[in-house]
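Trainee:
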Amino acid sequence: MRRIICNFEDGAELLNHLERPVFHSNHPPKLKFLANFALSIGEVVRITLIIEATGERHDLHLRVCERRPTMAYVNRDTRWSYCAAATDGDAPWLVMLAQKFDTAQRLSA
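Residue numbers (my numbering): 1 to 109.
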């Protein structure tokens, strides 16, 4: 299983990379990320989310559900844009993490 590390400056940045389902739906949350290697649709990967501002580190399993090639601006290499859905066991953790940072944003506003 491939391990991918995603660094986020803070919870707000993490929320910008999440696609969350409508409340009470059966669809898992999805994470959008870039990589310089190809993954297969349906492949399960271990994602380590690091939130720098809080020092948090979360390991979750996600299944690649979308991918598309894109170009890197620096050296014109092909990069891949992915969207991966949380697996059944880790979907509640990703939902909880999103709710936590949503609440933090409301309280600090």
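Ideal placement from N, C-alpha and C gives every residue a C-beta, glycine not left out.
Keep in mind the model is a prediction, meaning the values are calculated, not measured.
What beta strand (DSSP E) runs, 3 residues minimum, are completely inside the stretch 22–85?
Mentor: Runs of the beta strand (DSSP E) inside the stretch 22–85: 30–35, 44–51, 56–71.
Trainee: Below 8 Å on the Cβ atoms is my contact criterion, and I expect Leu107 with Ala84 to pass it. Report the Cβ-Cβ distance as a whole number of Å.
Mentor: Actually they are not in contact, since the Cβ atoms of Leu107 and Ala84 sit about 29 Å apart, beyond 8 Å.
Trainee: If you run the structure through DSSP and keep just helix, strand and coil, what is Arg20?
Mentor: Of the three classes helix, strand and coil, the one that applies to Arg20 here is coil, per DSSP.
Trainee: Taking the alpha carbon of Leu34 as the point to measure from, which residue in Cys6, Gln99, Asp102 has its own alpha carbon closest?
Mentor: Among Cys6, Gln99, Asp102, the Cα nearest to that of Leu34 belongs to Cys6.
Trainee: Considering only the beta carbon of each residue, do Pro29 and Ala104 sit closer than 8 Å?
Mentor: Taking 8 Å as the Cβ cut-off, Pro29 and Ala104 do not qualify as a contacting pair.
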